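Here's the structure we're looking at; comments come further down.
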Amino acid sequence: MEEFRQFDKKIRILAANSVGRDRKIPLGIGGSNNERIRLQELIGSEDTRLVSEIHQGIGRLNGDANEQERSFGELLKFLQEQKSLLAATPSIWPVRGWVTSEFGIRDNPFGSGTEFHKGIDIATRLGREIQASADGLVIDVAHRSDDGNIVKIDHGYGVISSYAHLSKFAVKQGMRVKRGDVIGFVGDTGRSTGAHLHYAVYVNHVPVNPRKYLK
15 MEEFRQFDKK IRILAANSVG RDRKIPLGIG GSNNERIRLQ ELIGSEDTRL VSEIHQGIGR
75 LNGDANEQER SFGELLKFLQ EQKSLLAATP SIWPVRGWVT SEFGIRDNPF GSGTEFHKGI
135 DIATRLGREI QASADGLVID VAHRSDDGNI VKIDHGYGVI SSYAHLSKFA VKQGMRVKRG
195 DVIGFVGDTG RSTGAHLHYA VYVNHVPVNP RKYLK
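Start counting the sequence shown at 15; every next residue gets the next number (this note's numbering).
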């Protein structure tokens with residue numbers, strides 16, 4: 015702000031000099047012609063210096079403005095990326111119910127020994143709506159022997175969510191969905207002991223605990 019004030023002062027000085035020269039003000043008679051010529055030269059030199067300084071100042075201000083614009087542009091890009099990342103984060107529960115099997119090592123429900131459970135099982139009533147946990151592209155709608163009817167959504171950033179054992183589908187492959195859109199209905203298809211949703215999240219094709227993202 016101090017720099018702006020200094021430029022304003024210089025501009026006003028220059029404007030005052032110009033107005034002074036334009037006015038026809040009676041001057042006292044006397045003194046040599048050489049002194050008057052020298053005074054005019056000094057005034058002209060001062061004006062030139064002020065104009066030069068003002069141009070330099072404007073140049074610096076333009077540079078600062080360009081830098082500020084670039085900075086704002088980078089900030090806007092960052093915020094847009096963060097908004098996109100937030101929309102792609104699977105942060106809502108896909109269905110209401112209760113978790114009957116957690117992510118990780120568990121007892122095999124169909125035999126002896128243990129197995130690694132790649133998601134969480136959410137028990138609920140048959141036919142309940144299942145929602146997409148984040149924005150994304152439906153990349154798989156299929157039936158498989160173990161998973162039964164399954165839907166997979168690619169959310170970008172290497173994140174994929176998977177919904178298995180559905181009774182029926184509400185989307186098709188290639189569709190774009192928003193967080194909260196209905197993608198199917200709870201079922202008991204595939205290798206299952208009852209109506210539930212097997213919900214899984216993968217990051218760069220590696221299964222991660224969905225609870226890390228759920229609100």
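Each residue gets a CB set at the ideal place from its N, CA and C atoms; glycine is no exception.
On a predicted model such as this, the values are computed, not experimentally measured, just so you know.
Whose C-alpha, out of 220, 171, 201 and 135, is nearest the C-alpha of residue 101?
-> Reading the sequence shown from its first residue, position 87 is the one you call residue 101. Among 220, 171, 201 and 135, the Cα nearest to that of residue 101 is on 171.
What separation, rounded to the nearest whole angstrom, lies between the Cα atoms of residue 205 and residue 93?
-> By 1-based counting over the sequence shown, the position of residue 205 is 191. By 1-based counting over the sequence shown, the position of residue 93 is 79. When rounded, the distance between both Cα atoms is 43 Å.
Based on Cα-Cα distance, which residue from 73, 109 and 81 lies nearest to residue 143?
-> The sequence position of residue 143 within the sequence shown is 129, counting from 1. The shortest Cα separation from residue 143 among 73, 109 and 81 belongs to 109.
What is the residue span of the beta strand (DSSP E) that residue 146 lies within?
-> By 1-based counting over the sequence shown, the position of residue 146 is 132. Residue 146 -> no beta strand (DSSP E), and no H or E assigned at all.
Under three-state DSSP, which class holds residue 162?
-> Translated into the one-based positions of the sequence shown, residue 162 becomes position 148. In this structure, residue 162 counts as strand in the three-state DSSP scheme.
For the beta strand (DSSP E) that residue 175 lies in, which residues bound it at each end?
-> Counted from its first residue, the sequence shown places residue 175 at position 161. Looking at the DSSP string, the run of the beta strand (DSSP E) that includes residue 175 is 173-183.
Report the option in 209, 213, 88 and 129 whose CA atom is closest to the CA atom of residue 147.
-> Taking the sequence shown and counting its residues from 1, the one referred to as residue 147 is at position 133. For residue 147, the nearest C-alpha among the options comes from 213.
What number of angstroms, rounded off, separates the C-alpha of residue 211 from the C-alpha of residue 88?
-> The residue given as residue 211 occupies position 197 in the sequence shown. The residue given as residue 88 occupies position 74 in the sequence shown. In a straight line, the C-alpha of residue 211 is about 42 Å away from that of residue 88.
Nonlocal neighbours in the same chain, by C-beta distance under 8 Å from residue 99, ignoring five residues either side | As a working note, residue 99 is residue 85 in the sequence shown. Here the set comprises 171.
Rounded distance between the beta-carbons of residue 133 and residue 176, thought under 8 Å | By 1-based counting over the sequence shown, the position of residue 176 is 162. By 1-based counting over the sequence shown, the position of residue 133 is 119. So it is a contact: roughly 7 Å between Cβ atoms.
Could you tell me the distance, in whole angstroms, from the CA atom of residue 149 to the CA atom of residue 178?
-> Here residue 149 is taken as the residue at index 135 of the sequence shown, counted from 1. Here residue 178 is taken as the residue at index 164 of the sequence shown, counted from 1. Between residue 149 and residue 178, the C-alpha separation is close to 18 Å.
Going by beta carbon distance, what residues of the same chain come within less than 6 Å of residue 153, once the five residues before and after it are set aside?
-> For the purposes of this step, residue 153 is taken as residue 139 along the sequence shown, with counting starting at 1. Closer than 6 Å at the Cβ level, and outside the excluded window around residue 153, lie 166 and 168.
How far does the beta strand (DSSP E) with residue 199 in it reach, from first residue to last?
-> Residue mapping note: residue 199 aligns to position 185 of the sequence shown, counting from 1. Segment 196-200, the beta strand (DSSP E) holding residue 199.
Look at the alpha carbon of residue 75 and the alpha carbon of residue 82, and state the distance between them as a whole number of angstroms.
-> Along the sequence shown, read from residue 1 onward, the residue named residue 75 stands at position 61. Along the sequence shown, read from residue 1 onward, the residue named residue 82 stands at position 68. Rounded to whole angstroms, residue 75 to residue 82 spans 10 Å at the Cα level.
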